[in-house]
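Chemist: One structure, as structure tokens, below. Some questions next.
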Amino acid sequence: MSTTPLKVAVTGAAGQIGYSLLFRLASGALTADRPIELRLLEITPALKALEGVVMELDDCAFPGLAGIEIGDDAEKIFDGVNLALLVGARPRGPGMERSDLLSANGAIFTAQGKALNAVAADDVRIGVTGNPANTNALIAMKNAPDIPAERFSALTRLDHNRAISQLAAKTGAAVTDITQMTIWGNHSATQYPDLFHAEVAGKNAAETVGDQDWLENTFIPTVAKRGAAIIDARGSSSAASAASATIDAAHDWLYGSAENDWVSMAVVSHGEYGVPEGIISSFPVTTSGGDWSIVEGLEIDDFSRGKIDATTNELVEERAAVTELGLI
Ligand code: NAD
Ligand code: LMR
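With full-length UniProt numbering, letter number 100 in the sequence shown gets 100, and the count goes up by one each step, no holes.
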């Protein structure tokens with residue numbers, strides 16, 4: 001057990017996801033055995049609201065919360081951080097696709113990538129939740145040339161958790177019986193939640209379900225369009241579930257994924273599974289000691305190949321769009 005606090009930056013800390021995330025971080029959901037210091041970044045007009053959130057954090061008297069710093073200067077807030085959770089960005093509204101946010105949000109990640117490059121701790125890990133998450137992570141990565149590319153990841157754990165929940169409901173299994181779920185590609189409506197490699201109580205999930213029509217026409221669109229369904233129902237985008245997934249992803253990255261299982265993380269491609277090199281795409285990964293590695297050797301049939309190609313083509317197009325905008 002380390003008594004040195006883990007320094008965790010959260011951007012967009014006064015936002016909806018922030019309001020769920022900060023209390024769970026402070027209560028030990030990420031680092032049960034180690035104190036945490038929170039570094040909270042906001043834009044200037046939101047600092048007053050953030051002060052209110054800090055009052056509430058104080059009022060919880062969390063034993064593991066070693067300190068809180070807030071501010072609107074990324075270089076001050078990111079100084080020495082071990083983990084940066086980049087949440088702050090505009091959410092989409094009804095009728096928008098996440099890629100519609102590229103020009104509005106992309107610039108945030110150039111500045112934050114540069115600031116992390118200048119001042120973060122040598123062991124920093126950077127998780128991007130703000131949308132469009134994969135391409136924002138690419139922008140931050142490209143603007144932080146001194147930080148290894150493998151330290152950047154975008155959140156597809158929410159999609160992964162959604163897929164587990166839908167499969168559990170369909171099969172009557174417990175969520176803990178479902179393993180080896182994979183989200184491939186982009187955190188967007190083109191993502192590919194893969195049941196051909198997932199297992200339900202140790203048996204192949206696609207065979208257990210035995211219903212290709214459900215898999216293609218219910219399961220995949222339900223998971224891929226869940227964000228839009230929540231926006232439609234709640235009037236604003238998912239927040240508590242996104243915060244929970246952000247913690248799940250960071251926890252497994254820092255402390256390791258479960259044995260005989262894997263998780264979905266969007267990480268830089270080195271060409272694995274024919275995914276174009278250099279984009280940040282979701283893969284099945286195992287994690288250990290703060291590092292991830294892509295699960296290799298899975299057989300990809302024609303159906304999966306088409307789905308993986310479609311979602312990764314979209315990421316290539318997003319990369320071209322942010323190149324055009326001069327963000328990378
Ligand atoms: P929100 O509007 O409630 O909060 C966003 C916060 O970010 C605001 O407080 C805003 O002031 C702040 N912000 C804006 N620019 C900033 C900057 N340059 N530096 C620091 N802070 C800044 O939105 P939310 O509901 O918390 O969602 C945040 C982002 O997360 C959105 O882009 C949303 O689409 C995305 N999201 C991603 C996932 C995922 O699974 N990857 C899930 C849900 C939401
Ligand atoms: C989600 O998946 O819930 C988020 O990315 C929000 C959105 O725009 O769908």
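We put the beta carbon where it would ideally sit given N, CA and C, even for glycine.
Treat the numbers as computed from the prediction; the structure is a model and nothing was measured.
(1) May I have the straight-line CA-CA distance separating Ala-46 from Gly-235, to the nearest angstrom?
(2) Would you say Gln-16 touches the ligand NAD, meaning its beta carbon is less than 7 Å from a heavy atom?
(3) At the level of alpha carbons, what is the spacing between Glu-277 and His-270?
(4) The beta strand (DSSP E) with Glu-69 in it runs from where to where?
(5) Measuring alpha carbon to alpha carbon, tell me which residue in Ala-154, Ser-27, Phe-62 is nearest Ser-281.
(6) Compare the beta carbon distance of Gly-113 and Ala-140 with 8 Å and say whether it is the shorter of the two.
(7) Between Val-54, Val-124, Ala-137, Arg-151, which has its C-alpha nearest Leu-315's C-alpha?
(8) Would Phe-78 and Ala-189 qualify as a contact pair, given that the criterion is a beta-carbon distance under 8 Å?
(9) To the nearest angstrom, how far is the alpha carbon of Gly-227 from that of Ser-237?
(10) Using three-state DSSP, classify Glu-317 as helix, strand or coil.
(11) Run through the DSSP bridge pairs and tell me what Phe-283 is partnered with.
(12) In angstroms, rounded to a whole number, what distance separates the CA positions of Thr-176 and Ile-300?
(13) How long is the line joining the alpha carbons of Gly-202 and Gly-297, rounded to whole angstroms?
(14) Using only the alpha-carbon positions, how far apart do Val-275 and Glu-216 sit?
(15) Go through the UniProt domain "Lactate/malate dehydrogenase N-terminal" (7-149) residue by residue and report every complete run of the beta strand (DSSP E) that reaches 3 residues or more, in order.
(16) Output yes or no for whether 8 Å exceeds the beta carbon distance between Leu-158 and Val-128.
(17) When you compare the region 218-225 with the region 119-135, are there three or more beta-carbon pairs, one atom per stretch, that lie closer than 8 Å?
Modeler: To lay it out plainly:
(1) 21 Å
(2) yes
(3) 5 Å
(4) Looking at the DSSP string, the run of the beta strand (DSSP E) that includes Glu-69 is 65-71.
(5) Ala-154
(6) Contact flag set, yes.
(7) Ala-137
(8) no
(9) Rounded to the nearest angstrom, the gap between the Cα atoms of Gly-227 and Ser-237 is 7 Å.
(10) helix
(11) Paired residues: Met-265.
(12) 25 Å
(13) So the two alpha carbons sit approximately 19 Å from each other.
(14) 22 Å
(15) 36-41, 65-71, 83-86, 125-128
(16) no
(17) no
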